[in-house]
Structure formats: C-alpha cells, structure tokens
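Undergrad: Going by full-length UniProt numbering, the sequence shown opens with residue 1, and the numbers climb by one from there.
Backbone N, C-alpha and C fix where the C-beta goes; we use that ideal spot for every residue, glycine too.
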Amino acid sequence: MKDQHEDFINSMVYSSNGGQYLTTSQDGSFKIWDGRSNRCTSTVKRAHDGKPVTSAVYSKNDLYYLTSGIGGMVKLWDSRSIELPIIEYAGAQSIGVQNLPTNACFNHDEKYIVYCEAKTGTLCTWNARTSERLNLSSLTHTGIVNYLVHSPTFPAFVSCGEDHRAKFWINNL
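1) Which residue or residues does DSSP assign as beta-bridge partners of His12?
2) From Val57, Phe30, Ser37 and Ser42, pick the residue whose C-alpha is nearest to that of Gly50; which is it?
3) What residue range is occupied by the uninterrupted beta strand (DSSP E) comprising Leu123?
4) Buried or exposed for Leu123, going by 16 or more other Cβ atoms inside 10 Å?
5) Taking 8 Å as the limit between beta carbons, can you name the residues of its chain near Leu63, skipping five residues before and five after?
6) I'd like the span of the beta strand (DSSP E) that includes Arg80, first residue to last.
7) Consult DSSP for Thr150 and reduce its assignment to one of helix, strand or coil.
8) Please name the residue or residues paired with Arg133 in a DSSP beta bridge.
9) Identify the continuous beta strand (DSSP E) that holds Ser68 and give its terminal residues.
10) Could you compute how far the alpha carbon of Tyr112 sits from the alpha carbon of Asn17?
11) Can you tell which of Arg129, Ser25 and Glu162 has its C-alpha closest to the C-alpha of Ile70?
12) Between Tyr14 and Gly161, what straight-line distance do the alpha-carbon atoms span, to the nearest angstrom?
13) Just mark Pro85 as buried or exposed, buried being the case when its beta carbon has 16 or more other beta carbons within 10 Å.
14) Please state whether the Cβ-Cβ distance between Asn103 and Ser55 is less than 7 Å.
15) Just the C-alpha distance for Tyr89 and Leu136, rounded to the nearest angstrom, thanks.
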C-alpha cells in the first residue's frame with residue numbers, strides 16, 4: 001500500500017481547519033493527508049536524513065510545517081513546495097548526540113522555535129526566520145523530558161518529563 005508508512009508512526013497533527021493532517025514516522029518520512037478523504041497527498045522520504053521523524057506541528061496559517069527528529073535537527077517546510085526544507089535549525093545538543101524522541105514547537109507569535117533536548121532537559125531557542133540559536137537553558141527536570149508545548153496565545157510553555165512533573169514556564173520570547 002503506497003499510502004502507508006514503512007515503520008511505526010511517531011506522531012500525528014491536524015491542520016487548524018482539519019483539511020489535512022500530517023504523520024511522522026520511524027521510517028524517516030512524513031506524510032501529508034487529506035483530512036476528508038484520508039488519502040495521502042504528499043510524502044517526504046528521508047526528511048531528516050533517514051533518521052526517524054518524531055514530531056510535527058503546523059504554523060497558525062497552516063502554510064508551514066515544523067518537524068523534529070532523532071539527532072536534534074529541527075526543520076521548517078513550506079507547504080507549497082516541500083521537496084526541501086526552507087530552514088534547518090541546528091545546535092540543540094548541549095552534550096553529545098540527541099538519540100531520544102522529542103518535539104519542537106513555535107512560540108505564541110511564531111517568531112521563535114522552541115525545542116528541548118530530551119536527555120539533558122536543555123531548552124534550545126532559535127529565531128524562526130534566521131535560524132540563529134539564541135540560547136540554551138536548563139528546564140531542571142530530574143529525568144528525561146518527553147514533551148514540550150507552547151501556549152498559542154501567551155508567552156508560556158509546559159514541559160513534561162519522566163520525573164512525573166509537568167512544569168509551567170513563563171518566558172520572555
């Protein structure tokens with residue numbers, strides 16, 4: 001079946017109007033699906049150089065996709081031309097290579113990209129338009145950080161970890 005992934009699916013996200021959704025996979029690809037017919041409309045293979053793609057999020061206007069993968073790389077894709085990413089955000093690793101799944105997200109006004117290195121709990125922030133890495137800071141979890149989500153309307157985010165904690169943060173981004 002051409003529409004299915006070749007390995008298990010890591011994440012799924014709907015566009016804001018439900019017209020399409022995106023799946024990411026352990027097979028290194030992500031797929032765009034029609035939200036009404038459930039048909040695959042596009043596939044990007046080797047989206048993260050063949051490494052698993054662990055998460056995706058749509059921009060507020062649904063024109064861009066932000067994907068993250070094993071290895072600490074985050075990529076921004078234009079929905080009108082998805083052959084190659086338009087920006088790659090690198091330098092998230094504070095110590096060694098990132099081998100755990102985690103996610104990246106836009107901040108509330110989409111000026112910044114926020115990503116957490118799962119093992120060390122290090123928060124990395126980039127300028128969304130220039131890909132300049134702005135800072136690295138610790139989220140002070142005592143275990144692996146599994147998820148990070150930014151408020152869509154307010155300069156705040158929540159990090160969740162294997163230390164059984166969800167931590168609320170107000171930021172100045």
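TA: Taking the geometry as given:
1) Here residue 12 is Met; the residue named in the question, His, does not match the sequence. DSSP, once it has assigned bridges, lists Thr23 as partnering Met12.
2) Phe30
3) Thr122 to Asn127
4) buried
5) Asp78, Ser79 and Arg80
6) That residue, Arg80, is in no beta strand (DSSP E); it is neither H nor E in DSSP.
7) Here residue 150 turns out to be His, not Thr, going by the sequence shown. Three-state result, His150: strand.
8) Trp126
9) Tyr64 to Gly69
10) 23 Å
11) Ser25
12) 24 Å
13) buried
14) yes
15) 13 Å
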